[in-house]
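Presented below is the structure to which this report refers.
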Amino acid sequence: MELDLGPDPRSDILRAMQAELIARFGRIVRPPDKRRTPEWVLVHGVIGAQTRTAASNASTDALLAEYGSWEAVAAAPVAELEARLARQTFPAVAAGRLKACLAAIIAERGSVDLRHLSNVPTAEAMAWLERLPGIARKVSAGVMNASTFERRAMVIDGHHRRIMQRMGIVPARADTARTFDTLMPLVPAEWSAADMDEHHLLLKSLGQTACRPRAPRCGGCPVRALCETGRTG
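Below is the structure:
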């Protein structure tokens, strides 16, 4: 017989974090009319490694505006795509990954169209996405959560993973996939997909300001009292 240990206290920490971060940074809500298509979010994720969001937004919009369709982007030579992705941190890598990913979708679906995932359970849809070249857990979760799919899937970037590790919510050496797998059961049941999106964006703001990769500024952190590292640092 298994013992009922009750709710995990880490869920309450996430709730408290959300309140403190909103108090510090204000609401960061993605309006429904600003949500992009799943295909757009996928492209944005594939080309966005270590690149500022604004630059990746501009690159993704520019590709679709110039070529007119993701199928036309897939047909473009890699060298041409690399030139169009000059604002990305790693344009050559981004171009190669993008072409391979779009080609794989076309080979399986006939076009760059992810609408079939709208009828698939989230975990199954993410597994399908992660079989594509260049797609790992951050991008698959982003497609499900930040696009018009608006599913309950937590997007984990470097800031998010680092903060969760320092707070003691996930293991210190957890990679993105393990962080996701640890966090998802802890997400408060009442949180919607939009709440999870806002949580991710709030943590990104915290990671860009107080909880920096090196020399974190624990003294001014709004969630220091909730953090294992902050309380002992």
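The opening position of the sequence shown corresponds to residue 3 in our numbering, with each subsequent residue numbered one higher. The C-beta atom is built at its ideal place from N, Cα and C for all residues, glycine as well.
From residue i to residue j, what does the alpha carbon distance come to, in whole angstroms?
{"i": "M3", "j": "M186", "result": "Confidence in M3 is poor, its pLDDT being 44 and thus under 50, which makes the residue's placement unreliable; the coordinate value appears in the next sentence. Looking at the two C-alpha atoms, the distance is approximately 25 Å."}
{"i": "N121", "j": "G232", "result": "43 Å"}
{"i": "D10", "j": "W72", "result": "43 Å"}
{"i": "M156", "j": "E132", "result": "15 Å"}
{"i": "L23", "j": "A78", "result": "43 Å"}
{"i": "R26", "j": "P190", "result": "21 Å"}
{"i": "A109", "j": "P135", "result": "12 Å"}
{"i": "M128", "j": "H118", "result": "12 Å"}
{"i": "A212", "j": "G112", "result": "46 Å"}
{"i": "P215", "j": "I171", "result": "17 Å"}
{"i": "K36", "j": "W130", "result": "25 Å"}
{"i": "P93", "j": "L104", "result": "16 Å"}
{"i": "V18", "j": "L116", "result": "Checking the sequence shown, residue 18 turns out to be Ala, not Val. Cα to Cα, A18 sits roughly 36 Å from L116."}
{"i": "R154", "j": "K101", "result": "28 Å"}
{"i": "A227", "j": "T184", "result": "22 Å"}
{"i": "V225", "j": "L16", "result": "10 Å"}
{"i": "Y241", "j": "P34", "result": "Coverage of the chain is limited to positions 3 through 235, which leaves residue 241 absent and any answer about it impossible."}
{"i": "I158", "j": "E82", "result": "31 Å"}
{"i": "I107", "j": "S142", "result": "14 Å"}
Measuring alpha carbon to alpha carbon, tell me which of the options ends up nearest residue i.
{"i": "A57", "options": "F151, A77, H46", "result": "H46"}
{"i": "A196", "options": "M146, T53, A77", "result": "M146"}
{"i": "T210", "options": "G170, G70, P135, T55", "result": "The sequence shown places Gln at residue 210, not Thr. The shortest Cα separation from Q210 among G170, G70, P135, T55 belongs to T55."}
{"i": "M198", "options": "I15, Q20, D14, R12", "result": "Q20"}
{"i": "R38", "options": "E152, I15, L16", "result": "E152"}
{"i": "N59", "options": "R12, A227, L87", "result": "L87"}
{"i": "G98", "options": "D14, R214, E84", "result": "E84"}
{"i": "K140", "options": "G70, I107, A179, L228", "result": "A179"}
{"i": "T124", "options": "A106, I107, G144", "result": "G144"}
Less than 7 Å between the C-beta atoms of residue i and residue j, yes or no?
{"i": "L65", "j": "V80", "result": "no"}
{"i": "Q90", "j": "I137", "result": "no"}
{"i": "S194", "j": "V43", "result": "no"}
{"i": "V114", "j": "E41", "result": "yes"}
{"i": "M169", "j": "E230", "result": "yes"}
{"i": "L188", "j": "S61", "result": "no"}
>> Threshold first: 4 residues or longer. Then list the alpha helix (DSSP H) segments lying entirely within the region 125-154, N to C.
In response: Counting only runs of 4 or more, we get 139-147.
> Okay, do the region 191-208 and the region 19-33 touch, 3+ Cβ pairs below 8 Å being the bar?
Replying inline: yes
> Whole alpha helix (DSSP H) runs in the region 151-186 with 4 or more residues, listed along the chain?
Replying inline: 160-169, 178-185
>> Is it the case that the region 213-232 contacts the region 173-181, given that we only count it when at least three CB pairs across the two stretches are under 8 Å?
In response: no
> Would you say the region 149-166 touches the region 205-214, given that touching needs at least three Cβ pairs under 8 Å?
Replying inline: A contact exists between the region 149-166 and the region 205-214.
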